[in-house]
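Engineer: The structure follows.
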Amino acid sequence: MTSYAACAQADLEVRRLTVDDLEFFRDIRAEALRTHPQTFSSPEEDEGGEAMMAAYRHWLSGTVLGAFWGGNLIGVAGFYVSPDKRSQHRGHIFTVYVREDGRGKGVGDRLIKELLAHAEACVEQVHLPFWSKQQLRSGPTSVTALKSMVPIPLRSA
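Residue 45 is where the sequence shown starts when you use this note's numbering, and the numbers rise one by one after that.
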């Protein structure tokens, strides 16, 4: 595995992933599910097959950012607007993951800040259950936790 010990913010490229990045996305999501299964709502074994690849293509047609260091995808974070008409003022951040060698270098912080900048133009609230004082921490560990996410307002009411 490539070492990202010298990863500097100036050398970090953050960009929107596209369907052309499908294999990169699939690989990093599989790693995330394998190494931190408790922080995701679906188990690794549910991620295989064509149905999941179709879901990945759908996600990548939305807003999924990737952090690249030396051409390697080292982090991802996605954003979507709630599809329910009553809650279209809410956005949700999902699939936040930074590879171990990229942690502690501001990668997650940069991904979230860029997603929040995007979200500000789209919604009034963003659900950030894992974000605390600009530090990533472990995400929800149960279905109950997933259902009790607290929204973060983006604008004053």
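Think of the CB as a built atom: it goes at the ideal place given N, C-alpha and C, for glycine as much as any other residue.
Bear in mind the structure is a predicted one, so any value in this text is a computation, not a measurement.
Would you kindly work out how many angstroms separate the C-alpha atoms of residue 58 and residue 129, rounded to a whole number?
Structural biologist: Near 31 Å, if we compare the C-alpha coordinates of residue 129 and residue 58.
Engineer: Which one of 161, 77 and 151 has the shortest CA to CA distance from residue 111?
Structural biologist: That would be 151, whose Cα lies nearest to the Cα of residue 111.
Engineer: If you follow the beta strand (DSSP E) that residue 115 is in, where does it begin and where does it stop?
Structural biologist: Note, residue 115: premise wrong, no beta strand (DSSP E); not H, not E.
Engineer: What are the partner residues of residue 109, as DSSP defines its beta bridges?
Structural biologist: 60 and 121
Engineer: Using beta-carbon positions only, say whether residue 141 and residue 120 come within less than 7 Å of one another.
Structural biologist: Yes, Cβ-Cβ distance for residue 141 and residue 120 is below 7 Å.
Engineer: Could you tell me which residues DSSP pairs with residue 135 in its beta bridges?
Structural biologist: 125 and 170
Engineer: When you compare the CB positions of residue 56 and residue 69, do they come within less than 7 Å of one another, or not?
Structural biologist: no
Engineer: How far does the alpha helix (DSSP H) with residue 130 in it reach, from first residue to last?
Structural biologist: Element bounds for residue 130: n/a, residue is neither H nor E.
Engineer: Less than 7 Å separating the beta-carbons of residue 117 and residue 72?
Structural biologist: yes
Engineer: Using only CA atoms, which one of 82, 132, 154 and 63 lies nearest to residue 102?
Structural biologist: Ranking the options by Cα distance to residue 102, first place goes to 63.
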